[in-house]
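Chemist: Before we start, here is the structure in question, set down as structure tokens.
Residue numbers (my numbering): 181 to 342.
In structure tokens form, the structure reads like this:
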């Protein structure tokens, strides 16, 4: 199994949606993509973009992936508090609603335990440094393991063992 990152620094859900065909069609054939971790929305929140537009973009991404037979892990993000309590609550809730709607593997907040911790972030205070990335990987692993075991069940192979 190959793991191929397709994230783009500063990307929004609109940017991710615009590249979706390239991501799932790359490497010659759609059947080569078994699963996708959708970790978009953070930059929508940083820019204060409309939550409704983010929801529509993520909904379209997830719908198209599932229609191609691709399993999805949706990693939630948080919006900064400077846009107000209502915005941040709607933003946070959007990921759970989408995960429930599409019945996909869900991680509530990708940067749990890392966001806002200076020792785990680069100087910009937003992006994880090497230690923060290790913490993100540890936090992501249980959800990723669930996704991979789902793939194993779908393929009729042996699930992962810890």
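The C-beta atom is built at its ideal place from N, Cα and C for all residues, glycine as well.
All of these numbers come straight from a predicted model, not from anything done at the bench.
For residue 247, report the span of its alpha helix (DSSP H) as first-last.
Modeler: For this step, residue 247 is matched to residue 67 along the chain shown. Counting along the chain, the alpha helix (DSSP H) containing residue 247 begins and ends at 231–247.
Chemist: Within its chain, find whatever has a CB closer than 8 angstroms to the CB of residue 208; leave out the 5 residues flanking it on each side and keep chain order.
Modeler: Working through the chain shown from its first residue, we reach residue 208 at position 28. Confidence is the limiting factor: at residue 208 the pLDDT is only 46, short of 50, which leaves the residue's position unreliable, though a coordinate-based value still follows. Hits under 8 angstroms: none found.
Chemist: Applying the 10 Å Cβ sphere with the 16-neighbour rule, what's the burial state of residue 221?
Modeler: Within the chain shown, residue 221 is the residue found at index 41, counting from 1. Its Cβ being crowded by 16 or more others within 10 Å, residue 221 is buried.
Chemist: As a quick exercise: from 249, 325, 300, pick the residue whose alpha carbon is nearest that of residue 204.
Modeler: In the chain shown, counting from the first residue as 1, residue 204 sits at position 24. It is 249 whose Cα lies nearest to the Cα of residue 204.
Chemist: Between the segment 319–326 and the segment 285–300, do three or more beta carbon pairs fall short of 8 angstroms?
Modeler: A contact exists between the segment 319–326 and the segment 285–300.
Chemist: Mark residue 223 as exposed unless 16 or more other C-beta atoms lie within 10 angstroms of its C-beta, in which case mark it buried.
Modeler: Working through the chain shown from its first residue, we reach residue 223 at position 43. Its Cβ being crowded by 16 or more others within 10 Å, residue 223 is buried.
Chemist: Is residue 208 helix, strand or coil by DSSP?
Modeler: Here residue 208 refers to the residue found at position 28 of the chain shown. Its pLDDT being 46, under 50, residue 208 is placed unreliably in this model, and the value from its coordinates should be taken loosely. Helix, per DSSP.
Chemist: With H, G and I counted as helix, E and B as strand and the rest as coil, what does DSSP make of residue 327?
Modeler: Translated into positions along the chain shown, residue 327 becomes position 147. Helix.
Chemist: With residue 274 as the anchor, note down where its beta strand (DSSP E) starts and where it stops.
Modeler: Residue numbering aside, residue 274 sits at position 94 when the chain shown is read from its first letter. It is not in any beta strand (DSSP E) - residue 274 instead sits in the alpha helix (DSSP H) that spans 265–282.
Chemist: Are the segment 310–320 and the segment 288–295 touching by the rule of at least three beta carbon pairs closer than 8 angstroms?
Modeler: A contact exists between the segment 310–320 and the segment 288–295.
Chemist: To the nearest angstrom, report how far apart residue 188 and residue 281 are at their CA atoms.
Modeler: For this step, residue 188 is matched to residue 8 along the chain shown. For this step, residue 281 is matched to residue 101 along the chain shown. Cα-Cα distance, rounded: 26 angstroms.
Chemist: In angstroms with no decimal places, state the Cα-to-Cα distance between residue 276 and residue 328.
Modeler: In the chain shown, the residue the question calls residue 276 occupies position 96. In the chain shown, the residue the question calls residue 328 occupies position 148. In a straight line, the C-alpha of residue 276 is about 20 angstroms away from that of residue 328.
Chemist: On a Cα-Cα basis, can you pick out the residue from 272, 198, 232 that is closest to residue 254?
Modeler: Position 74 of the chain shown, counted from the start, is the residue given in the question as residue 254. Closest option to residue 254, Cα to Cα, is 272.
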